Amino acid sequence: MSASSYVGTLLPQHGVLAGAKLFIDGADVSPDALTPIPPKRIGYNGKGRPFYQGRMRYVARYTDMTLDEFQRLAVIFYPKLGSFEGTLVDVILPDIYQAGRFVQGTAYMEWPTVTDITTLINGVSVELTSFRLVGEV
Amino acid sequence: MPLTDTTNLKRSSQDWAITFDLYAPRAFRLSDVGPLGTDAGDIHSYPPAADPLVSAPQIAGYDGVIDFGSIGGSIAQGGFSATLTIPEYPADWAAFFGVDLRLATVHGGIPGIIGASGVDPDTIRLFRGYQQAATAYNSYTYKRSEFQVESSMAHLRRAGFSRGFDFYAGGDHAAPTTAWDVISHIVYQHTNLTPRSLLGLYIPNHQFNSYSIGGGSVASILQTVADNCSAGEGWVFCDREDNLQIMCSPNLAPALHPTVNDPIIHLDEELVLHLDGGGGGVVIPEVAYTQVGSVQLTATMSDQTSYATPVYYTGNGEGDRVVRGPYQTDDWQALNALAERLLAHLNRRYRGIQVTLPLNVAVNLGDCVLLSVDGSNNNRGITWAEKKFCCVAIAYNVDMESHVFTSVLTLDEVIF
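As they're listed, the protein sequences go chains A and B.
Numbered according to this note's numbering, the first sequence spans residues 2 to 138.
Numbered according to this note's numbering, the second sequence spans residues -2 to 413.
Listed below in structure tokens is the structure:
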């Protein structure tokens, strides 16, 4: 049980991370935008402090993507779907406090919408979850 | 046992995962009473063949469940239950397969509940039970099977004795010396509930020189014995570990209750998400007084001391009009003490206090907890500083879609 896959307050809670780099097994698949999604707030305690539950997630957004590019990406992503072990995704965050810090995660890929054989309507999103810092067990 | 360290539970960022093991089916067996009241029945072996204690799950970390339904249990319900939904029909399931639902938690990046009382620090058991029913749905694009999982109390309710027990000197069932002997004989010698489930006895251990009880389900017989010993307030239930617990409200037998002098956790305002009486609003309920005027003990037999206990209500007294007794014991002083406590217990003020907590804590059914409330946080200005309550029901609200897990404890006031 990989219960430790959570870095919580160690990661920025909001804002689009422009310029973030994303590598899968060494291949550069950097997205157009990387958006961190904070956990869900489930309520406040008697002292007025909020409680959050859920996983910290990143959504990597690829816009203006052709079908060929999608297939290249899919070939990289699909074998990683649903796996909970091993080095899957490395993220280099552009944040000045997080620079150079690698994060491992699990990838879930959105099924794209296609108009014709070459164009994706909205690009595609990849959701990254179950983070932990490299070196953390 | 020390109080649970709630420091990590109060960290605002949390995560959870339900882990799910399948283990060996339960082969529950019962040995009926013979036609002449003997232990060995006509066709049943006595004692019944053992149900082996299984330590390792047959399928560890089963992940085919797509929904858990509502998971919960209460003393009134006699144990826990949940409905597991599995897509399609994945395998040939053995009847009454075992289910072990556990919750792994992460609080602010720290896994588990460090220092929790009596539980594994990595995961907490939601409950252990056995499959009781399977229903297949052949819906278009959503074929699924639902498995009803319940504590072993379901076995005890189905299995019944066709004849009753007569404990008396010189009989086939020799005279018991105490109420615990009666229960132990029925559970250990006539069922194979143990060793897979343990038996906890926390009711007053009254002295008997004879005792008779009619046939019926194992659960109803045990309930009768428990009621006879605890002024009609006997609790017979399977706890989260699927151990059979026979106890009563700590108000009636505080010396016997395992945690009344040693509460397991302090639920303060930093931990509690919501507090109410189940009515929807933030209301701390206060029940109408039962207004018991007196409790009178009347000996109806001279040798076997059996007491009927009429409960007289004063004026237009409100609340439950409970019927009590008769109780049997050879010790009138014990009954007198019980009657005193019954009077106070029936007039306890706070019942059904519902406390919502993030994730799950190490509270089991029947456990005593401490609750603190600041007067500024409720509409009645009630201030409690470490007031003692007993947990009588637990409900786990699991939302697989929004990934939110909360627990609701139902608490009953402890006045001693």
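Every residue gets a Cβ at the ideal spot worked out from N, C-alpha and C, and that includes glycine.
Note that the structure is a prediction, hence the values are computed from the model and not measured.
Non-local beta-carbon contacts of ALA223 of chain B in its own chain, meaning distances under 6 Å to residues more than five positions away in sequence, involve ILE200, GLY231, VAL233 and ILE243 in chain order.
According to the DSSP assignment, ARG141 of chain B belongs to the beta strand (DSSP E) that extends over 139 to 147.
Take PHE25 of chain B, set aside five residues on each side of it, and the residues of its chain with a beta-carbon closer than 6 Å to its own are HIS152, in chain order. Any Cβ of chain A closer than 7 Å to the Cβ of SER373 of chain B would place that residue at the interface, and such an atom is absent. Per the coordinates, the alpha-carbon of TRP177 of chain B lies some 6 Å from the alpha-carbon of ASN202 of chain B. With respect to the C-alpha of GLU410 of chain B, the residue from B:PHE164, B:ASN394, B:GLN220 and B:CYS388 having the closest C-alpha is B:CYS388. Here DSSP, grouped into helix, strand and coil, assigns THR1 of chain B to coil. Annotation for THR64 of chain A: no beta strand (DSSP E) segment contains it, and DSSP assigns it neither H nor E. Only buried fits MET66 of chain A, as 16 or more other CB atoms lie within 10 angstroms of its CB. Taking the beta carbon of TYR53 of chain A as reference, the chain B residues within 8 Å of it are SER9, SER10 and GLN11, listed in sequence order. Of the residues assessed, LEU190 of chain B falls on the buried side of the cut-off, its CB having 16 or more other CB atoms within 10 angstroms. Using beta-carbon distances, PRO54 of chain B does not count as an interface residue toward chain A, since no partner is under 7 Å. Under DSSP, no beta-bridge partner is assigned to HIS203 of chain B.
At least 7 Å separates the CB of GLY49 of chain A from every CB of chain B. Contact annotation for PRO37 of chain A against chain B: no contact, minimum CB-CB distance about 13 Å [criterion: below 7 Å]. DSSP, reduced to helix, strand and coil, places THR256 of chain B outside both helices and strands of the structure shown, so it counts as coil. The beta carbon of SER227 of chain B is closer than 7 Å to those of ILE200, PRO201, CYS245, LEU249 and ALA250 in its chain, skipping five residues each way along the sequence. When C-beta distances to chain A are compared with 7 Å, the residues of the region 328 to 356 of chain B below that value are PRO355, in chain order. Pairing THR120 of chain B with ARG50 of chain A, the inter-Cα distance amounts to about 25 Å. Secondary structure note for ARG154 of chain B: its alpha helix (DSSP H) is the uninterrupted segment 150 to 155. Taking 7 Å as the threshold, the shortest C-beta distance from LEU264 of chain B to chain A does not fall below it. For a cut-off of 8 Å, the C-beta gap from LEU362 of chain B to PRO260 of chain B is around 15 Å, too long to register as a contact. Collapsing the DSSP output to three states places SER31 of chain A in coil.
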